[in-house]
Every structure is written in structure tokens, then in C-alpha cells.
Amino acid sequence: MEALSPEDFLKRLSDHREAFWEKMTAERKSYGAEKPLSPEIILRRLQFGVVMERKAAEVSAPWVPHLPELELQHCLSEYVANELKHASILRKRIAELNGDPDVLWKNPLAELKQLWDFHAALGSFCELFASVQYGHEEFFPRTSKSFIERVEPIDPQTASIYRDTLLADEAGHEWLAPEILKRYATNAGTQARCLEALQTGCELFGRAIQSFNRTMPA
Ligand SMILES: [Fe+2]
Ligand SMILES: [Fe+2]
């Protein structure tokens with residue numbers, strides 16, 4: 532395969548991501564992702580969030596010294612700090628609701644562990660960015676929107692954490708993944724590995740979400 536132009540390459544990645552999103556959205560109701568919220572379900576959702584935020588930071592941090600540009604190193608460091616901040620905000624909210632902030636962190640679902648082990652083992656920052664930040668992290672604002680709407684009437688404080696902090700920060704770092712991929716995933720081999728990473732990452736993410744919903748308290 533010849534190297535694609537940066538625009539065509541990003542389109543190839545986002546086409547795959549969007550096709551996966553369509554498939555996942557069609558299946559979400561079948562495994563109860565949209566069922567009415569109870570205090571236990573809200574708590575579990577926050578506990579899942581702790582793992583997602585903290586792991587996004589942990590798998591990204593080791594790549595800071597590998598980015599060739601100081602400016603991007605700074606932005607990636609801010610991204611890492613933001614995700615850790617989100618994890619600690621969620622942990623605090625769980626404690627206020629009398630839950631165990633680290634229950635899923637200490638005993639992750641097998642599928643959740645597979646997702647993050649995969650990301651920790653990727654061989655380049657381009658593959659990581661294709662799969663995490665340009666891949667399933669793009670779904671976060673979408674699934675959060677539905678969660679915020681449902682949680683608002685029951686627990687406005689949790690709704691506000693998602694809307695005013697987590698999503699607000701998310702919007703501030705969405706540009707980083709396409710920028711890094713455009714600059715550095717320029718040869719055919721890297722582009723092919725990025726696409727493969729995104730495909731596997733979406734697949735593992737879908738399985739983790741499904742397993743999370745299936746193990747939800749009734
Ligand atoms: Fe976050
Ligand atoms: Fe994020």
C-alpha cells in the first residue's frame with residue numbers, strides 16, 4: 532500500500548471508527564446500556580470512569596519523551612495531567628456517595644484489562660494515538676451526553692462533573708491526536724499499523740463496554 536495523504540489517512544481511520552460506533556450503538560440497548568439509572572448503576576459508572584481516565588494517562592505518559600516537538604510534549608503532558616485530574620475527581624465523588632473508588636481498578640473486568648494491556652504494549656505513539664485518542668476516546672462525549680441527560684434529575688452534582696469538567700477538558704484536547712497523526716504517521720507501514728491498532732482498540736473497547744453493562748447490578 533502507498534502512503535496516503537494526511538487527510539485521506541485520517542479519513543480512513545475515522546471511517547472505521549464511525550462504522551464501529553454505528554455497530555456499537557445498534558447493540559447498546561441489547562445489553563442494557565441505556566437502562567434507567569439507580570444509585571448503584573451511577574456508582575459503577577463512576578468506578579468504570581476511574582479506570583478509563585487513569586489508564587488513558589498511564590499508557591500515554593511514557594510517550595512524552597518520544598515526541599520530537601517540545602510543544603507537543605507539553606500538550607501531551609497536559610493531557611496526562613488532565614486525565615489524572617479526572618480520575619481523582621471521580622474518586623472523590625465515589626467516596627462522597629459512600630462507594631469504593633478503586634473497586635474496578637483493583638479488580639478490573641477481564642475485558643477491561645485486555646483493552647488497556649493492548650494499549651500499554653503498542654510499539655509507537657502514532658499507534659497509541661490512533662487507537663485511544665483518535666479511536667474510542669472520541670466516543671466518550673457521545674456516551675456521556677446520554678448519561679448526563681439520565682443522571683441530571685437524580686444526581687445533578689455527578690451530571691455537573693461530567694458536563695462542566697470532564698467534557699469541557701475533553702473538548703480542549705481533541706485536536707492533539709489528529710495533529711500528531713498528520714505530522715508523524717506519514718509512511719505506509721506506520722499508517723497500516725495505526726489502522727490495525729484502531730481496529731483492535733475499537734473491538735476491545737466494545738467488548739469492555741459490553742462486559743461492564745452485563746455485570747451491572749440489576
Ligand atoms: Fe478524561
Ligand atoms: Fe480524555
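When the count follows my numbering, it moves up by one through the sequence shown with no breaks and lands on 749 for the last residue.
All C-beta atoms in this analysis are idealised placements derived from N, C-alpha and C, irrespective of residue type, glycine included.
With respect to the alpha helix (DSSP H) encompassing residue i, which residues constitute its N-terminal and C-terminal limits?
i	result
aspartate 648	641-651
tyrosine 715	707-715
tryptophan 636	634-637
tryptophan 552	537-559
leucine 568	Segment: none, leucine 568 is in no alpha helix (DSSP H) and carries neither H nor E.
proline 684	Here proline 684 belongs to no alpha helix (DSSP H), and DSSP marks it neither H nor E.
alanine 612	601-627
I'd like to know if residue i contacts chain C, where contact means its C-beta is closer than 8 Å to some C-beta of that chain.
i	result
aspartate 633	The structure shown contains no chain C; it is built from a single protein chain.
Can you find a heavy atom of ligand 2 that lies under 7 Å from the Cβ of residue i?
i	result
histidine 492	The question about residue 492 has no answer here: the residues shown for the chain are numbered 532 through 749.
glutamate 602	no
glutamate 589	no
glutamate 710	no
glutamate 614	yes
Is residue i near ligand 1 - that is, is its Cβ less than 7 Å away from at least one heavy atom of it?
i	result
histidine 617	yes
aspartate 700	yes
leucine 697	yes
glutamate 669	no
glutamate 584	yes
Label residue i either buried or exposed according to how many other C-beta atoms from any shown protein chain fall within 10 Å of its C-beta, with 16 as the threshold for buried.
i	result
arginine 745	exposed
serine 675	buried
arginine 673	exposed
histidine 597	exposed
serine 706	Serine is not the amino acid found at residue 706; the sequence shown has tryptophan there. Answer is exposed; the Cβ neighbour count stays below 16.
asparagine 718	exposed
glycine 580	buried
serine 662	buried
leucine 601	exposed
With a cut-off of 8 Å on the beta carbons, I'd call residue i and residue j a contact; round off their distance for me.
i	j	result
leucine 577	threonine 689	7 Å
glutamate 565	arginine 559	6 Å
alanine 534	glutamine 722	6 Å
Inter-stretch contact (C-beta, 8 Å, three-pair minimum) for the segment 607-616 and the segment 533-553:
They do not touch, by the three-pair rule.
#### Entry: Sufficient close CB pairs (3 or more, under 8 Å) joining the segment 638-647 to the segment 575-593
The segment 638-647 is in contact with the segment 575-593.
Next on the checklist: Does the contact criterion of 3 or more C-beta pairs under 8 Å hold for the segment 624-638 versus the segment 696-712?
Outcome noted: Touching, no.
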